[in-house]
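Only one structure is covered here, and it is reproduced in the block below.
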Amino acid sequence: RKEVEQDPGPFNVPEGATVAFNCTYSNSASQSFFWYRQDCRKEPKLLMSVYSSGNEDGRFTAQLNRASQYISLLIRDSKLSDSATYLCVVPRIYFGSGTKLNVKP
Amino acid sequence: GAVVSQHPSWVICKSGTSVKIECRSLDFQATTMFWYRQFPKQSLMLMATSNEGSKATYEQGVEKDKFLINHASLTLSTLTVTSAHPEDSSFYICSATLAGGRNEQFFGPGTRLTVL
Chain A
619 RKEVEQDPGP FNVPEGATVA FNCTYSNSAS QSFFWYRQDC RKEPKLLMSV
669 YSSGNEDGRF TAQLNRASQY ISLLIRDSKL SDSATYLCVV PRIYFGSGTK
719 LNVKP
Chain B
405 GAVVSQHPSW VICKSGTSVK IECRSLDFQA TTMFWYRQFP KQSLMLMATS
455 NEGSKATYEQ GVEKDKFLIN HASLTLSTLT VTSAHPEDSS FYICSATLAG
505 GRNEQFFGPG TRLTVL
C-alpha cells in the first residue's frame, strides 16, 4: 500500500459546485497533514494545514479522520480560479536505528 | 510565509554534462530540505532528504552517485545531476521545512531541466 493515496481525477465540476477530495495515508503515527495547490508548471503552494480534526478557511474546509486514516478537502462554491491540481502531503516520519540501553543492577 | 528560491529556473544542457541546481531558504533556516522530481502530468516524486551537515537520505531507486546532494549550510542545498541523459529531463523542485516548525514544506519555484 502506498504511504499516501489520492484519486488522480480529473474532477470536472461546474462553477458554484461543491467538490470534495479524499486522501488516505498509511502511517498512523502521522501528526501533521497538508493540502497544497499546484498550478500547471508551477511549484506547489500551501493551501491548508491540518493538525487536529480539521481546519476551515473561507470556501475551503479540510478534515482529518484519524480512525480511518484519511484527510479530505472540501471546496464550496467552486470558482474558475480554483482549477488546479490539489496535493495532499503527509510528512514522512524517519526513525533512527536506535540506541540500546542496558541498566545494570 | 517562508520563501525558498531555486537557481537556475531552467537549464538546457548536452548529454554527459553535469548540472547543479541550488535551493536557498531566503528568510529562514532550514535544517531539512527535500528534493523532488516531477514528470509531466505526474505528482512529485521524492528523491532525497537533505539534512544540514550530514549525508542525504535517498529514496529507493534514486542513485546517490548520479544525483549528488550537498547541504552545506542552513540556507543552502545543492543538487548536482551528473552525466545527465535525456531521461533526466524533468522538473526538479526543492522544499524546506522551518527549524522548529510543524513540518510545513515551503517549495521553491522549481528548475526545468532539458537534456539534449
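Residue numbers (our numbering), protein chains in the order written: chain A, 619 to 723; chain B, 405 to 520. The beta carbon of each residue, even a glycine, is placed where N, CA and C say it ideally should be. Just so you know, these numbers come straight off a predicted model, no measurement behind them.
Which of helix, strand or coil DSSP assigns to residue i
{"i": "B/D492", "result": "helix"}
{"i": "B/R516", "result": "strand"}
{"i": "A/Q687", "result": "coil"}
{"i": "A/T636", "result": "coil"}
{"i": "B/A500", "result": "strand"}
{"i": "A/Q681", "result": "strand"}
{"i": "A/Y669", "result": "coil"}
Residue-chain proximity (residue i, chain E), Cβ-Cβ < 8 Å
{"i": "B/G512", "result": "Chain labels in this structure do not include chain E; the protein chains are A and B."}
Own chain, CB closer than 6 Å to residue i, minus 5 neighbours either side, in chain order
{"i": "A/F639", "result": "L691, Y704"}
{"i": "B/I416", "result": "T518"}
{"i": "B/F443", "result": "S494"}
{"i": "B/Q433", "result": "L478, A503"}
{"i": "A/R694", "result": "T636, R677"}
Contacting residues, own chain, Cβ-Cβ under 8 Å from residue i (five flanking each side not counted)
{"i": "A/S670", "result": "L682"}
{"i": "A/E621", "result": "Y643, S644, N645, V708, R710"}
Paired residues, beta bridge with residue i - DSSP
{"i": "A/Y663", "result": "It should be pointed out that residue 663 of chain A corresponds to Lys in this sequence rather than to Tyr. DSSP, once it has assigned bridges, lists A/R655 as partnering A/K663."}
{"i": "B/T482", "result": "B/E426, B/N474"}
{"i": "B/M449", "result": "B/R441"}
{"i": "A/D700", "result": "A/D700 is not bridged to any residue."}
{"i": "A/V721", "result": "Partner(s): none; A/V721 has no beta bridge."}
{"i": "A/T642", "result": "A/E623, A/Y688"}
{"i": "A/E674", "result": "A/T679"}
Worksheet item: Quick one: any contact between the stretch 427–443 of chain B and the stretch 468–488 of chain B, if contact means 3 or more CB pairs under 8 Å?
Response: Three or more beta-carbon pairs separated by less than 8 Å link the stretch 427–443 of chain B to the stretch 468–488 of chain B, which places the two stretches in contact.
Worksheet entry | Cβ contact check for the stretch 654–672 of chain A and the stretch 628–646 of chain A: 3 or more pairs under 8 Å | Cβ pair count under 8 Å is below three, so no.
Fill in: Chain-ordered residues of the stretch 661–684 of chain A with a beta carbon less than 8 Å from chain B
Taken in chain order, the members of the stretch 661–684 of chain A whose beta-carbon sits within less than 8 Å of a beta-carbon on chain B are E661, P662, K663, L664, S667, Y669.
Item to complete: Using a Cβ-Cβ cut-off of less than 9 Å, give me the residues of the stretch 696–707 of chain A that come near chain B, in sequence order.
Response: Residues of the stretch 696–707 of chain A with a Cβ closer than 9 Å to any Cβ of chain B, in chain order: T703, L705, V707.
Discussion item. Closer than 8 Å is the cut-off here; do at least three beta carbon pairs connect the stretch 413–427 of chain B with the stretch 486–500 of chain B?
Written reply: In short, these stretches touch, since the Cβ pair count reaches three.
Worksheet item: According to a CB-to-CB cut-off of less than 7 Å, which residues of the stretch 649–660 of chain A neighbour chain B?
Response: Residues are counted here when their Cβ sits less than 7 Å from a Cβ of chain B; for the stretch 649–660 of chain A these are S650, F652, given in chain order.
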